[in-house]
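Some notes on the structure that comes next.
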Amino acid sequence: MRSVLRRLALAAVCMIGAGAVHAFAEGGGDLVVFDWSGYEDPLLHPAYTAKYGAEPTFAFFGDEDEAFEKMRAGFKADIAHPCSQSVVKWREAGMLQPLDTARIAGWKDLNPGIMAMKDLATTADGKAWFMPFDWGNTSLLYRTDKVTAEQAQSLRIFADPKFKGRVTIGDNVDDAYALASLVIGLKDWTKMTDAQFQEASAFLRDVHKNIRFYWTDDTDLNQAFIGNEVDLVWGWNETFVTLKGQGMPIAMNRDTKEGISTWVCGYVLMKDAPGKLDEAYDFLSAVNAPGVSDYMVKTFGYGHGNGAGMADIDHKVLVDRGFDNLDKFLDKTLFQQPVAPDLKQRMVAEFEKIKAGY
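Quick note on numbering: the sequence shown equals residues -23 to -1, 1 to 335 in mature numbering (1 follows the signal peptide of the UniProt record, and there is no 0).
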């Protein structure tokens, strides 16, 4: 039922205009959270619910560029959930307000490795703009009853004609070009040349020939996998953890010849937040609580931003998820850091053409 409601909510956000979207969001509680589908799970912010006796109002997006455009069109939210590649863009567009870190419980417990990343959580002037919440990877997932481990050693499998109609990748320009960049041997996409952009786009056109659908919702992706619609997925940790837990014959290869893509996502405070600031900081404190770490890792398969909470998790679980060493986790991967605005716009425009078959 919850997944059905999420899809209805997302459809409503997509179908109505900016002014109506604002009204839609305001229909719930005072706090409006613009988020990825699935993060409305009450167990990710139990302290907030306990204090206010109600859930925040959640509105959903499936892509950060989509979210950016909705907010520029007038949609108002108190808190949003962008990832590493978008924070600078949102901040430079004047959408964010700096965080008062003294009002966020456990701020000093945030993972020091993530906090040290240049121009992500803080700027050179010492202001904080982004609170890391979840981190993970996008990698090759495959059905072990349809695909052999040997076949799944390279990301080029996504373009293999043998799997025509059996492939899905996210309807997400960042993940798409992360995949293509890895395939052409590029680990730092901020240095992408025009020739490399053309090569990466050509690979995505080859992948498109095999695409059954571009996934936007983890629930739909899981159903397609269970329903034997797809064999290969360029997907997130959550899909692997969820389906493995249901007994599906699925494997995640984090060690392909080309590597994996990694990302860090978190919460920001919107400049024109319509709700109550106290509630916003209570929500940020709630999602950063160390008690959330265990649930995040075991249920979603993602790392949690709170380093103290992560340290309390059974080490065997962290090793199994690949989260026992952040430096190792980020090594030899394409980290989804911000790219130049003109390159990002080229990616967005080209990906739309590719999805349309051009």
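Every residue gets a Cβ at the ideal spot worked out from N, C-alpha and C, and that includes glycine.
Just so you know, these numbers come straight off a predicted model, no measurement behind them.
Counted within 10 angstroms of its Cβ, other Cβ atoms place Tyr335 as buried (16 or more) or exposed: Your numbering for residue 335 matches position 358 in the sequence shown. For Tyr335, the number of other beta carbons within 10 angstroms of its own is below 16, and it is reported as exposed.
Stretch pair the segment 66 to 81 + the segment 202 to 213: three plus CB contacts closer than 8 angstroms: They do not touch, by the three-pair rule.
Start-to-end residues for the alpha helix (DSSP H) that takes in Pro109: The residue you call residue 109 lines up with position 132 of the sequence shown. Counting along the chain, Pro109 falls outside any alpha helix (DSSP H), though it belongs to the beta strand (DSSP E) covering Met108 to Arg120.
Simplified DSSP assignment, three categories, for Tyr25: Residue mapping note: residue 25 aligns to position 48 of the sequence shown, counting from 1. DSSP places Tyr25 in helix when its eight states are reduced to three.
Start and end residues, beta strand (DSSP E) containing Asp12: On the sequence shown, residue 12 is found 35 positions in, with the first residue counted as 1. Per DSSP, Asp12 belongs to the beta strand (DSSP E) from Val9 to Trp13.
Contact between the segment 10 to 20 and the segment 51 to 58 (3+ Cβ pairs under 8 angstroms): yes
DSSP beta-bridge partners of Gly280: As a first step, residue 280 must be located in the sequence shown, where it is residue number 303. Gly280 is bridged to Trp112.
Beta-carbon proximity check, Arg189 vs Arg143, cutoff 8 angstroms: Here residue 189 refers to the residue found at position 212 of the sequence shown. Here residue 143 refers to the residue found at position 166 of the sequence shown. Yes, the Cβ-Cβ distance between Arg189 and Arg143 is below 8 angstroms.
Phe38: CB within 7 angstroms of a non-hydrogen atom of the ligand ZN: Within the structure as shown, the ligand ZN is missing, as the structure has no ligands at all.
Of the listed residues Val218, Gly224, Thr219 and Trp192, nearest to Trp211 (C-alpha basis): Along the sequence shown, one-based indexing puts residue 211 at 234. Shortest Cα-Cα distance from Trp211 to any of Val218, Gly224, Thr219 and Trp192 involves Trp192.
Those runs of the beta strand (DSSP E) which lie wholly inside the segment 188 to 214 and span at least 3 residues: 209 to 213
Same chain, Cβ closer than 7 angstroms to Leu320, neighbours up to 5 away in sequence not counted: Your numbering for residue 320 matches position 343 in the sequence shown. Around Leu320: Met169.
Chain-order list of residues whose beta-carbon lies under 7 angstroms from that of Lys221 (same chain, five-residue window excluded): Position 244 of the sequence shown, counted from the start, is the residue given in the question as residue 221. Within the same chain, Ile227 come within 7 angstroms of Lys221 by CB-CB distance, once the 5 residues on both sides are set aside.
Burial state of Ala36, where buried means 16 or more other Cβ atoms lie within 10 Å: Along the sequence shown, one-based indexing puts residue 36 at 59. Label assigned to Ala36: buried.
Among Asp297, Val269 and Ala98, nearest to Thr78 - alpha-carbon criterion: Position 101 of the sequence shown, counted from the start, is the residue given in the question as residue 78. With distances taken between Cα atoms, Thr78 lies closest to Ala98.
Stretch pair the segment 103 to 116 + the segment 274 to 283: three plus CB contacts closer than 8 angstroms: yes
Whole runs of the beta strand (DSSP E) within the segment 124 to 188, excluding any shorter than 3 residues: 144 to 146
Cβ-Cβ distance between Trp240 and Gln313 below 8 angstroms: Stepping through the sequence shown from its first residue, residue 240 is reached at position 263. Stepping through the sequence shown from its first residue, residue 313 is reached at position 336. With contacts defined as CB atoms closer than 8 angstroms, Trp240 and Gln313 qualify as a contacting pair.
CB contact flag (Lys104, Pro59, <8 angstroms): Numbered from its first residue, the sequence shown carries residue 104 at position 127. Numbered from its first residue, the sequence shown carries residue 59 at position 82. Contact flag unset, no.
Range of the contiguous alpha helix (DSSP H) that encloses Tyr258: Numbered from 1 along the sequence shown, position 281 holds the residue referred to as residue 258. Element bounds for Tyr258: Leu254 to Val264.
Contacting residues, own chain, Cβ-Cβ under 7 angstroms from Ile161 (five flanking each side not counted): Against the sequence shown, residue 161 aligns to sequence position 184. Listed in chain order, the non-local C-beta contacts of Ile161 below 7 angstroms within the same chain comprise Gln173, Glu176, Ala177 and Phe180, local neighbours out to five positions each way being set aside.
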